[in-house]
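Residues in the sequence shown are numbered from 1 upward in steps of one, following this note's numbering. C-beta: ideal position from N, C-alpha, C; glycine also. If you're wondering where the values come from, they're calculated on a predicted model, not measured in any experiment. First up is the structure itself, then whatever we jot down about it.
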Amino acid sequence: MAGSHPILNRLCNLEGTNFEVRDVKVHENKVVWYIEHKDKPEYICPRCNKVHDAAFEKRWIKILDTPQGFQKHIWYVKRARILCTCSLSPVVELISFRSKHHNMTTRFVDYIEMTLCTKMFTVADVSRLFGISYSLAYKIDHEVLFRLVQDHEIPDPINLSVDETSFRKRHRYVTIVTDADRGKAIWVSEGNTKASLDQFFQILGPERCQKIKTVARDLHKPYEASCNEYVPQALQVADPFHVVQRLTQSIDDCRKELSVGSALRVGKRKIISRMNWILRFKQINLSVQQSKSIEALKKVNEPLYEAYLLKEYFYEFFLFKPNEVKQAECFLINWIVEAFKVKLKGLQDFAEYIKRNTGQLLNIILTGRSSAVSEGINSKISVIKKMAYGYKNIQYFMLKILQRAGTLGVNWTSQYH
C-alpha cells in the first residue's frame, strides 16, 4: 500500500500524532500494521518536551493493539532516538499512543484495565482472552488497582463490622473493615494488631469517627483497645458467630480433658473420645442414633452431659428482643453460675470469657447487629484466594479484596485521557 490513508490513521487514533499508517497486511489470525513518521517529522523529547527535527537513529519496534475478534493486531512502529541537551546519551522519542510500561498501545491497556475492573474476569481469564502472558496481565491489574486506590474515597460509615482473615499460613493476617449498611469492604490493612485498626480511624479523622454508632467485631483485645481510643461513643458489639465458635471449642476442650489423662476407665475415655463431632452439633440437628449417643453419655460421664445441655441452653440467649436486655443479662448471670457448678475447666474458661465481655454480648441484643456481613466478605475472600491459587504479594491481595468485596474500580477511568 503506497503512501498513507486518513481513514486508517483515524482507525488507529494516529490523528494529531507524529505517525501515520504506511502499510497493512491481513493474515488469517492477525493483522500487521506498519507505522512510520510523517514527512518532515518533529521528534519530541520525553524528558523536557523539546522538539527536534533530526533523529540519531531509527529502528522498528513491535507493539500489541486491541484485538478484533479472533485476529491479533500487531503494530510495527519505526521509532527514533534523539540527541537532546537534557541527556548525555540518546533518548527514545515520545510516542503518545504507546503505553509507558508495556509494549502495547494505550487503548489496549485501557481495554484490559476496564475488563479487569468489571469483576467478571480473573487475571488468568484476561490472559487467555487477549493472548498475553499471565505476568503481563497481573502487572496491569496491579498497576490499575494501585492507581485507583490513590483517589479512592472512604464513605462516611455509621455501623462498622471488623474482622480478620488469614493471608498465608503461620498466622499472617489482614484486618478488614466493612460498612455494615452498604455491605462493602471499605478498608484493608496488614496484620491484626491495634495499629492495623488504628490506621483506619486515623485516615477517617476525628469528625467522621464521631459519626460511628456501632462496631461489630470478634472479641479480639487489640481491636477493643483501638475502638476505645478512637470511637469511645460507639457501641461495641460481640459477634455471635465467634461467641458460638468459642462455646463449641470449650465443649471440645471438656471432651479432651476427660478423654486424655483423666482418672476415668479406658472404656469410658474411648467412648468420650469418639463423640468429637456429635458434641459439636445442635440438638435439633442430631440423627436418631446420635440422640441415643447423647442420652448414653449421661451414664458414661454426667459432667460432660451437663456441659452439652448448657451449650444448647446458651443458644436461647440470642432469642431475646431489644426491649429484654435486663432479662438477657439475668440469663447470662444464671448461665455463668450453672457453668461453674460443672467441674470442667473448658466450660469454666468460657464462663470467664462471658463474664469479661458481658456488656458487648448484651449489645448484640440491644442493637440486633453482628459481624455477619464480615463473615460474608470472608467467604468472598476465600473464593478470591482459590481463584488465584493464593497470593504472594500482600499489597496486591489487599487491593483485590477492596476490588472484589468493595467498590474499588467501579468508577474506573483511563490514565491516558
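(message) For the beta strand (DSSP E) containing residue 335, name the first residue and the last one.
(response) Premise fails: residue 335 lies in the alpha helix (DSSP H), 325–341, not in any beta strand (DSSP E).
(request) Could you tell me the distance, in whole angstroms, from the CA atom of residue 390 to the CA atom of residue 350? (result) Inter-residue distance for residue 390 and residue 350 is about 34 Å (C-alpha atoms, whole angstroms).
(request) Pull up the CB-CB distance for residue 160 and residue 178, whole angstroms please, since I reckon it's below 8 Å. (result) In this structure residue 160 touches residue 178 by the C-beta definition: roughly 7 Å separates them, less than 8 Å.
(request) Please list, in chain order, all residues of the same chain as residue 107 whose beta carbon is under 7 Å from its beta carbon, the five residues on each side excluded. (result) Excluding sequence neighbours, residue 107 sits near 13, 66.
(message) Buried or exposed, going by whether 16 or more other CB atoms sit within 10 Å of the CB of residue 398?
(response) Buried, by the Cβ-count rule.
(request) Reducing DSSP to helix, strand and coil, say where residue 232 ends up. (result) Coil, per DSSP.
(request) Classify residue 271 as helix, strand or coil using the three-state DSSP reduction. (result) Residue 271: helix per DSSP, three-state reduction.
(request) Inspect the beta-carbon positions of residue 148 and residue 409 and report whether they are closer than 9 Å. (result) Closer than 9 Å, so yes.
(message) Taking the straight line between their C-alpha atoms, what separation do you get for residue 78 and residue 60?
(response) Rounded to the nearest whole angstrom, the CA to CA distance from residue 78 to residue 60 is 4 Å.
(request) Taking only the alpha-carbon atoms, compute the straight-line gap between residue 17 and residue 194 and give it to the nearest angstrom. (result) Residue 17 and residue 194 have their C-alpha atoms roughly 53 Å apart.
(message) When you compare the CB positions of residue 76 and residue 32, do they come within less than 9 Å of one another, or not?
(response) Cβ distance < 9 Å, so residue 76 and residue 32 count as in contact.
(message) Could you check whether residue 181 and residue 370 sit closer than 9 Å to each other, using their CB atoms as the reference points?
(response) Cβ distance not < 9 Å, so residue 370 and residue 181 don't count as in contact.
(request) Rounded to whole angstroms, what's the CA-CA distance from residue 355 to residue 334? Just pull it up for me. (result) Roughly 11 Å separates the two Cα atoms.
(message) According to DSSP, is residue 212 part of a helix, a strand, or is it coil?
(response) Under the three-state reduction of DSSP output, residue 212 falls in the coil class, being neither helix nor strand.
(message) Would residue 123 and residue 134 be called neighbours here (beta carbons separated by less than 9 Å)?
(response) If you check the CB distance, residue 123 and residue 134 come in under 9 Å.
(request) Taking residue 186 and residue 155 to be in contact with their CB atoms under 8 Å, please state how far apart those CB atoms are, rounded to whole angstroms. (result) The Cβ separation is near 6 Å, so the contact holds.
(message) So residue 110 and residue 416 are supposed to be a Cβ contact under 8 Å. How far apart are they, rounded?
(response) The Cβ separation is near 7 Å, so the contact holds.
(message) Using only the alpha-carbon positions, how far apart do residue 43 and residue 192 sit?
(response) A direct Cα-Cα distance of roughly 53 Å separates residue 43 from residue 192.
(request) Determine the DSSP secondary structure at residue 71, reduced to helix, strand or coil. (result) Looking at residue 71 - three-state DSSP - the assignment turns out to be strand.
(request) Grab me the residues of residue 166's own chain with a C-beta within less than 6 Å of its C-beta, minus the 5 sequence neighbours each way, in chain order. (result) Only residues of its own chain outside the window of five on either side were considered, and among them 173 have a CB closer than 6 Å to the CB of residue 166, listed in chain order.
(message) Classify residue 151: buried if its beta carbon has 16 or more other beta carbons within 10 angstroms, exposed otherwise.
(response) Burial check for residue 151: the Cβ neighbour count within 10 Å stays below 16, so the residue is exposed.
(request) Give the single residue among 116, 230, 216 whose Cα lies nearest to the Cα of residue 201. (result) Checking every option, the nearest Cα to that of residue 201 belongs to 230.
(request) Output yes or no for whether 9 Å exceeds the beta carbon distance between residue 250 and residue 346. (result) Going by C-beta atoms, residue 250 is nearer than 9 Å to residue 346.
(message) Nearest by alpha-carbon distance to residue 45: which of 405, 119, 90, 332 is it?
(response) Cα-wise, what sits closest to residue 45 is 90.
(message) The alpha helix (DSSP H) that contains residue 404, what's its start and end?
(response) Where residue 404 is concerned, the enclosing alpha helix (DSSP H) stretches over 394–404.
(request) Determine, using beta-carbon pairs with one atom in the segment 291–304 and one in the segment 269–276, whether at least three such pairs fall under 8 Å. (result) Put simply, the segment 291–304 touches the segment 269–276. At least three CB pairs are less than 8 Å apart.
(message) In chain order, what are the residue ranges of uninterrupted beta strand (DSSP E) at least 3 long that sit wholly in the segment 44–88?
(response) Segments of the beta strand (DSSP E) lying fully in the segment 44–88: 57–68, 71–82.
(request) Mind reading off the beta-carbon distance from residue 37 to residue 56? Whole number of angstroms is fine, and I expect it under 8 Å. (result) At roughly 14 Å, the Cβ-Cβ gap does not stay under 8 Å, so residue 37 and residue 56 are not in contact.
(request) Could you have a look at residue 14 and say whether DSSP puts it in helix, strand or coil? (result) Reduced to three states, the DSSP call for residue 14 is coil.
(message) Cutting at 6 Å between CB atoms, please list the residues of its own chain near residue 94, excluding the five before and the five after it.
(response) Take residue 94, set aside five residues on each side of it, and the residues of its chain with a beta-carbon closer than 6 Å to its own are 44, 46, in chain order.
(request) Assign residue 97 to one of two classes, buried (16 or more other C-beta atoms within 10 Å of its C-beta) or exposed (fewer than that). (result) By the neighbour-count criterion, in which a residue is buried when 16 or more other Cβ atoms sit within 10 angstroms of its Cβ, residue 97 is buried.
(request) Rounded to whole angstroms, what's the CA-CA distance from residue 392 to residue 169? Just pull it up for me. (result) Cα to Cα, the separation comes out at about 11 Å.
(message) Give me, in chain order, the residues of the same chain whose beta-carbon lies closer than 8 Å to that of residue 220; leave out the 5 immediate sequence neighbours on both sides.
(response) The answer, listed in chain order, is 164, 192.
(request) Tell whether a beta-carbon distance below 9 Å holds between residue 216 and residue 162. (result) The beta carbons of residue 216 and residue 162 sit closer together than 9 Å.
(request) Indicate whether residue 401 and residue 126 have their beta-carbon atoms separated by less than 9 Å. (result) No. Outside cutoff.
(request) Measure the CB-CB distance between residue 279 and residue 344 and report whether it falls below 9 Å. (result) It is not a contact, given that the beta carbons lie outside the stated cut-off.
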